[in-house]
Every structure is written in C-alpha cells, then in structure tokens.
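Residue numbers (the UniProt record's numbering), protein chains in the order written: chain Z, 1 to 305; chain G, 1 to 305; chain Y, 1 to 305. We treat Cβ as the ideally placed atom computed from N, Cα and C, and that holds for glycine. Only a predicted model underlies this, so the values are computations on that prediction, with no experimental measurement involved.
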Amino acid sequence: MALRAALRNKCGFSGVVTQLFSCSSSSHGRVYAPPIVIAQRRNSSTSPKIKVDLDQSTGVAVMHMQNPPVNSLSLDFLTEFCINLEKLEMDKSCRGLIITSSVPKVFSAGLDIMEMYGTTPERCGEFWKAVQEMWLKLYSSNMVTIAAINGFSPAGGCLISLTCDYRIMADNPRYSIGLNETQLGIVAPFWFKDTMVNTVGHRTTEMSLELGLLYNPSEALKIGLVDHLVPEEQVLTTATQTMTKWLAIPDHARQITKSMMRKPTADKLTSNREADIQNFVSFITKDSIQKSLRVYLEMLRKRKG
Amino acid sequence: MALRAALRNKCGFSGVVTQLFSCSSSSHGRVYAPPIVIAQRRNSSTSPKIKVDLDQSTGVAVMHMQNPPVNSLSLDFLTEFCINLEKLEMDKSCRGLIITSSVPKVFSAGLDIMEMYGTTPERCGEFWKAVQEMWLKLYSSNMVTIAAINGFSPAGGCLISLTCDYRIMADNPRYSIGLNETQLGIVAPFWFKDTMVNTVGHRTTEMSLELGLLYNPSEALKIGLVDHLVPEEQVLTTATQTMTKWLAIPDHARQITKSMMRKPTADKLTSNREADIQNFVSFITKDSIQKSLRVYLEMLRKRKG
Amino acid sequence: MALRAALRNKCGFSGVVTQLFSCSSSSHGRVYAPPIVIAQRRNSSTSPKIKVDLDQSTGVAVMHMQNPPVNSLSLDFLTEFCINLEKLEMDKSCRGLIITSSVPKVFSAGLDIMEMYGTTPERCGEFWKAVQEMWLKLYSSNMVTIAAINGFSPAGGCLISLTCDYRIMADNPRYSIGLNETQLGIVAPFWFKDTMVNTVGHRTTEMSLELGLLYNPSEALKIGLVDHLVPEEQVLTTATQTMTKWLAIPDHARQITKSMMRKPTADKLTSNREADIQNFVSFITKDSIQKSLRVYLEMLRKRKG
C-alpha cells in the first residue's frame, strides 16, 4: 500500500526532477549552470565541504555535509568525503560514524548533474570512479555507520543512507527519499540496485527503481527504506543514542558479521569497476541522454531564475 | 498471519483441485476428456483464443484471454498467446500491455492437464517448451505489463500474473490466486519458484509452494502476491489508469532497469531449457504421476457430469 | 518497528548473555564448569538426552529434548540428536517430526560453551562437525518438521527452530528467540546466516546478527522469525494439528519442492565443511575469544552460585 501511495503521489515528472540532482558550478567550463547556484557555491568554495567532529571520549564522529545549496555530490565533494572517511577508518579511536547535513532541508540531492552534462569522457569516468569509491568505502566500513537524514534525500543522497547500518529520518512529510533516477531518463547501476535489494527486498526495489519512486518518511519507514522516524530536531540526538547501543557490541564480532552480510555485494563491484565505469560513460555521453539532461537543466534554471 | 489463514482455509484437497488445471479437448486422442468441457471448447475451436485491442493513441494493448471454460493453457493457446505477444513486442507503437480474461469468474485456471495426461513424451516436451516460451517472453518484455486479474488465478494463471510489472485483482473473496501445484502431486519448476521469490520473498514462497496455498485477494495483497485490489467492475479501468503512470517514465530507462532486475532470473532458464524439458517430461510421464492425474480427472468429470 | 523495539529492549549486555549458551559438565577436563550445572547434569548423564515418541497411526514423531538444565547442545547431545534423526529419516512409517523440549521454560539455550572453552582444537573441530551435521540433517529433512518452541530459544536453539518447516512458539513474553552470538563476542557462521536470511530476509538478518538481537514472541512473529503464537499449554497440540495439514500434501511433491527451496543453501556448507571447521576452530581458540568466554563463564558462575 505504501508503494501504491508512492505511485499515486510521486510519478508526476514535474514535482520530482528538482530532487534528483543538484547542479553546481565548476572550474572546467559547463554550459547551463544556474547563476544563483554558482553564486552560492563560490561563497563556500574555499571552505571545506565536509566538517567532521570526532568525540574522543565516545569514539563517535559526526560528519556534516556542507556543500550548499543542496549537498550535491561533485567530484570535489566526493574526493573530500572519501579522504575524511579514510582518515576516520584508520583512526583506532573512532568506532562509529554519524552522517548528516548542515544544509537546511536537504540531506543530499545526489550526484552533481554538472559532472555528467557537457563534460569529457575522461572527467566523467573520473567522477564515476569517485562515486564507486564512496560507495565501496561506506558499504564496507568497519565503523558503525548511522545516517541522520535531516532533509531531502533523493538518488545519491538515498544511496549514502542505504550504505549505513541504520537510518534515522526527520519525520517531516515534505521530505522524501528514494532512488528516482529513471524519472530523469537515467539508470541506477547494479550496485545501487543491490544495496536497495539488500535493504527492502527484490519486489519493492523493482517497482521503486522502474518508476523512480520517492517516498515520504512514513512510506519509507513502512517499506523499510529507513529504520526510525523522529521529529527533525531530534534526529542527531537519536542517532547518538542509537550509536551507543550499537557500540555495546564487541567490534570484532560485529565487523565480521557485517562483512559476512555485505562482502559478496561489494565484491561484485570491486571485480567489475572498470567495466562499470565504461558502461556509465558510454551511456551518459549518448546524445539522447545529454539532451534529457539539458532539458532538465533548462527547467531547473527557469525555476531558480 | 495471512499465511496462517491461507493454511487454515486452503489446505483441504477437495476444494482446491478444480482450480489447478482445466481440461480441454484435443485433436490428438486423449482418454479422460470430460464431455461437457469438450463440447464447450469445440464451440470456440475455430475462433481465436486471444483477442487483442491496441489503442494507437495511448500505445496500450489489452489482451483478452478467451479460451472457455477456464482459459486453460493448452499448446494451441500458448502458441497463439506467444504469437500475439511477439507481434506487440515488435510493434513500436505499443508500449504497454494489459492482460485480462473474457471468461467470467476465471482469469486462467493454468496449464491444460490434457497436455500432460496420456500423451506422448514428444508432445509433452513440445507443450513444456511453449510454457517456457510464454514465461520468457512475458518476464523479459520491454513493454509495461499489467495483470488485470478478474477471476480465479491458480497455478499457470498465477504465473502469468507474476510475470507482469503490476498486478490488480478483483476484490472478490471467492477468487483466489497461488501456485498450488503440490496439491495435485506435481511440482512447480525452478523458474516458477524464482518468479515467486522475486515477488514475495523466500520464506513466503517456500511455505506457499510446499503447501500449494491459494490466497484470497486480501491475503494475496497482504503478502505482496498482488499489488492492488479494486471492485471487479473497476479492474480494467484501474489497470488503464495505472498504465498511464508507468508510461510517464522514459522507456529506455525503465527497460534497462527492468532488465537489470530480471535478466539473471530469465538467464537461468534460457541456459537450461533443454534439461528443464527433459526433467518435466520424465517426471510427468511417471506411472505414479499419471495415476494422480487420472484420479484428479475422474473426480473432475464426476463434478461436471 | 519490531526491530526498533528489539533494539531498545535487548541490547543491554547483562540481560542477554545467560541466554546464549548453557554450560554443562564434561568428561574431558574443563576449567570453569559451574558446580550447580554439573550436579544437575550428572543426574541425567546415564539417561538419554533425547526422547522420541513415534505415533505409527499418524506417522508423526515427537522429539523431546531433555538435557537439563537448559538443553545445551554438547557433542554428546548432538550425536544422540543426529542418531535419532537419522533413524526417523530412514523409517518409512515416519512422515512428520515435531521438535520440542521437556525442560521447563527452555527450548534450547544453544551450543554448549564448554565444548568451546579450554578444549583442544581436535575436540573443538569434532564438536563443530556435529553442529554442521545436525543442521544439514534438519535443513534437508524429507520429513515435515515443526518446531514447538516452548521456552527460551537463543543461538543454537533458534537455529534448530529455523531449520524446521514451521515454527509455533509459546506466547510467553518472558521467552525470547534469536541468533545473539555477537553479544558474546562470537560470530554466527555463514550457514546460520543463510538460514535466517531465507526466513526473514537480508536486512532483518543483517541488523539482527550485528546486534545479536533477541526477540520476544510477538516481535518474532512480526518479523517472521516464528509463524504462530499460542498459549504455552497449546504449543504441542497446535503443532500436531498443523502437522495434519502439512501431511495432506503428497510427500513426493512436497519433498521435491522443499529440496528446490533449500538445496542451494545446504550445498554451500556441504562443499565447504572442512574449511568451515578450520575457520571455526582457529577463531574460537584465539586468546581474545577464549578470554571473552572465560569472562562470560565467570559471570554465569556468580549468578548460579
């Protein structure tokens, strides 16, 4: 019934596309970057896109995504994200990681469309490799990972959430979460799909991906896409409390168990990274796909303009 | 709880067997074909068993199964079904397919028992190949497929439904749906099983197949065997409305996603078709199985007589 | 929501560890065997640990586990269990098996910790082989198997339940069931995991195993870990009634179907038994793991003392 409700409410193209990707400026010549967004992004271009607070007493780090306006996953962002993740993973004092957003109303709007539109195959491949890297690092993390989803979380934002061990979402009916790639005419790759199947099962994933469904928080809870809803102001404190319970389990036993559950899925990408990159680049650089992206960008620009 | 209810209500042998297979006449000498059924079927023998209405303005075809008395899946029927399906698949103007029944109270009663009883291994193998072909074509269809289940849908009728992208069933408690093969002493093959696992999960499938459970519409909705219940007279209009939502998604993105979800399952049969045929023929031609089928046919004949 | 409730209630270490393993005496020199438990077990050392009642008229056997105080799965117990199982499997007159406990309040507390603590690698490997054997025999049984869970059922007790075709549990909120190995710092092997995934799906298993969750009966019903709750005094009669429904299905069709559902999972262990044993032995004999077990045993001894 949640699926039906989602189908009823979310299939309209117009209301959804703005939640798939954000677009951001770039230092290597893009065409349709909306001026407003550029302005906002330049303001933060010299400051880090990720802020990490590690509490040495508890061993819990909170990673704040702060890449306004919508925490889009650009190559620069992903690189910074992975560097921070790697540091925490190597830090013996850090056992748990909470991922959240410093940008109001948005957890992450997903992959940066400007990394896919009007760019070179080389740059596009480099970008995709970074997306892979982020997923591999998160999905295989030895830390306990909790997503504190305090805003919109479509596409890549949903993917980040799905890699975590536990998902807490703000119970705000204006927020939504889902892998809505098909709405834009593009396709979630097999490892996005595998991650979702492992979370909500085959049938819900099939229908959700084919229709590019976005779920409001209560629908997402019902199908198991998130684990817990709380009022928006309690998302982070609830994440911290939940973390305490996860950290009560001996690390080595939890880590071996997590690896047993996830390694086969991670290995599927690890042993196919190059083919997956080629597949993505050849798909996204097709004229028809570039045209879809241009139409979308123009619509987005009109809205913001 | 739905499983328990189904177990409670449906395990009685007597009430169920008439829903597994229908029997129909044949042009190649069978023994126990019930006279009434033969009479009914001869009446329609010169008319097509499938009626297709393609609306060029919407790109949606409605395929009516009209093989009275119970839309049994005979070799002739399956051949006609596949030819029609192939035509639609090749027709660029057709993007969506709704499958429904013109026979009152029955969607399809499943495989024609007369194709399995007292026949030659050659004919039996030919029949099974046609069942495989139907499943492969439906499960891998590039069209959006919706089952408008307006009547009983046991065994092969359930399988047709399961291959579709979406299932809408008439909310009539006298109807039921399920893969009830074991009730008759025969066995659903691995690809029936895979299709059901992909829809309702491993555990529900295990229990459902071992007990040959049939579910009434509300039970079927609860376990995810169907997606939507509506009053009987609204089944087709609801299917048409739902189709509009599915067709709002760009075809190429939906098709690639559908293939990603289903190809591994389809490939398992594609690479094992011949062995699967041999397996079926050697099983079904066993004396003990033929005896089971005879007992069933005699019971069916008494009822109709 | 059931998961959240379980997380909330069950993650405290102290309340849970007594339910993971029982400890029993042994004939080959162990260190921390609690005196009370030893005394109790010696009383029953000459009597069989398994009592089997086979009703020839119905073809249904009831296997009572009677290894007080907590039906711990020692090597001796497992050996006796497997011998009885093998006998019933070979007995053509036996078609169904109900597994239950004669020990009040406990179905089975799981693997005997004294088989893993302070023992030799050889003995430890022999023990693990017996655990494998029990699982393989139960999970692949041709009989209809029903667990009549009339008490606590953690770890190995939960595993026995999971191998059955159907699970009926006493609706007593003081009982619980789950694979809680990580709570003690040890890890459920891949075939425990596979059995649970086949029952409750990937995500519920992932969270359940990582946190070592124990579920009360209503939570267990909600996630599908058990199929049916009844008042404690009705567990066995309900199991008997349910068995009648399962035995209404022709054996050969049910058995082929069961094998189709379970053989791939069983084969994964069958083809990796020796490596799985080596893996277990090298893990369990690590100093750090032995230390964990010692801490647990000391705590257990204080409680009982």
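If you count every other CB in all the chains shown that lies within 10 Å of the CB of residue i, and 16 or more means buried, which is it?
i, result
"arginine 262(Y)", "buried"
"methionine 134(Z)", "buried"
"arginine 41(Y)", "Any answer about arginine 41(Y) is weak, because its pLDDT of 37 lies below 50 and its placement is not dependable; what the coordinates show is given next. Burial call: buried."
"glutamate 298(Z)", "exposed"
"valine 37(G)", "In this prediction, valine 37(G) has a pLDDT of 36, which is less than 50 and means its spatial position is unreliable; nothing more can be read from the coordinates."
"methionine 90(G)", "exposed"
"proline 264(G)", "exposed"
"glutamine 241(Z)", "exposed"
"serine 72(Z)", "buried"
"serine 108(Y)", "buried"
How many angstroms separate the CA atom of residue i from the CA atom of residue j?
i, j, result
"glutamate 126(Z)", "asparagine 84(Z)", "19 Å"
"aspartate 164(Y)", "leucine 300(G)", "In the sequence on display, residue 164(Y) carries cysteine and not aspartate. The straight-line gap from Cα to Cα measures roughly 35 Å."
"arginine 268(Z)", "tryptophan 191(Z)", "The displayed chain sequence assigns lysine, not arginine, to residue 268(Z). The alpha-carbon atoms of lysine 268(Z) and tryptophan 191(Z) are separated by roughly 8 Å."
"glycine 118(G)", "valine 281(G)", "12 Å"
"glutamine 255(Z)", "arginine 95(Z)", "11 Å"
"glycine 110(G)", "arginine 294(G)", "17 Å"
"isoleucine 113(G)", "lysine 286(G)", "15 Å"
"threonine 195(Z)", "glutamate 206(Y)", "12 Å"
"glutamate 210(Y)", "asparagine 272(Y)", "23 Å"
"proline 231(Y)", "isoleucine 168(Y)", "10 Å"
"threonine 199(G)", "lysine 222(G)", "12 Å"
"histidine 228(Z)", "proline 154(G)", "38 Å"
"aspartate 53(G)", "isoleucine 146(Y)", "50 Å"
"arginine 174(G)", "alanine 61(G)", "28 Å"
"aspartate 76(G)", "aspartate 276(Y)", "52 Å"
"arginine 303(Z)", "isoleucine 186(Y)", "55 Å"
"isoleucine 289(Z)", "histidine 252(G)", "10 Å"
"lysine 87(Z)", "leucine 214(Y)", "34 Å"
"isoleucine 149(Z)", "arginine 203(Z)", "24 Å"
"phenylalanine 13(Z)", "lysine 258(G)", "Residue placement at phenylalanine 13(Z) cannot be trusted, given a pLDDT of 29 that sits under 50; the coordinates are not used to answer."
"glutamate 170(G)", "threonine 120(G)", "Just to set this straight, residue 170(G) is alanine in the shown sequence, not glutamate. So the two alpha carbons sit approximately 38 Å from each other."
What are the start and end residues of the alpha helix (DSSP H) that includes residue i?
i, result
"tyrosine 296(Y)", "287-304"
"tyrosine 139(Y)", "121-139"
"threonine 257(G)", "251-270"
"isoleucine 284(Y)", "273-284"
"alanine 248(G)", "No alpha helix (DSSP H) holds alanine 248(G); DSSP gives it neither H nor E."
"leucine 221(G)", "217-223"
Does any C-beta atom of chain Z lie closer than 8 Å to the C-beta of residue i?
i, result
"aspartate 165(G)", "yes"
"threonine 199(G)", "yes"
"tryptophan 246(G)", "yes"
"isoleucine 186(Y)", "yes"
"threonine 182(Y)", "yes"
"leucine 300(Y)", "no"
"alanine 220(G)", "no"
"isoleucine 249(G)", "yes"
"glycine 224(G)", "yes"
"arginine 203(Y)", "yes"
Step through the CB atoms of chain Y and report whether any lies within less than 8 Å of the CB of residue i.
i, result
"valine 70(G)", "no"
"threonine 237(Z)", "no"
"threonine 257(Z)", "yes"
"glycine 212(G)", "yes"
"leucine 209(G)", "yes"
"alanine 253(Z)", "yes"
"phenylalanine 190(G)", "yes"
Starting from residue i, follow the beta strand (DSSP E) in both directions and report where the run begins and ends.
i, result
"leucine 229(Z)", "228-230"
"aspartate 55(Z)", "50-55"
"methionine 143(G)", "Premise fails: methionine 143(G) is in no beta strand (DSSP E) and is neither H nor E."
Between residue i and chain G, is any beta-carbon pair separated by less than 8 Å?
i, result
"glutamate 206(Z)", "yes"
"lysine 193(Z)", "yes"
How would you list, in chain order, the residues of chain A whose beta-carbon sits under 8 Å from the beta-carbon of residue i?
i, result
"methionine 261(Y)", "Note that chain A does not occur in the displayed structure, where the protein chains are Z, G and Y."
Contained alpha helix (DSSP H) runs [length at least 4] in the segment 63-122 of chain Y, N- to C-terminal order: The segment 63-122 of chain Y contains these whole alpha helix (DSSP H) runs: 75-90.
Could you pull out every unbroken beta strand (DSSP E) segment of at least 3 residues lying fully inside the segment 160-215 of chain Z, listed in chain order? Listed in chain order, the complete beta strand (DSSP E) runs (minimum 3 residues) inside the segment 160-215 of chain Z are 166-170.
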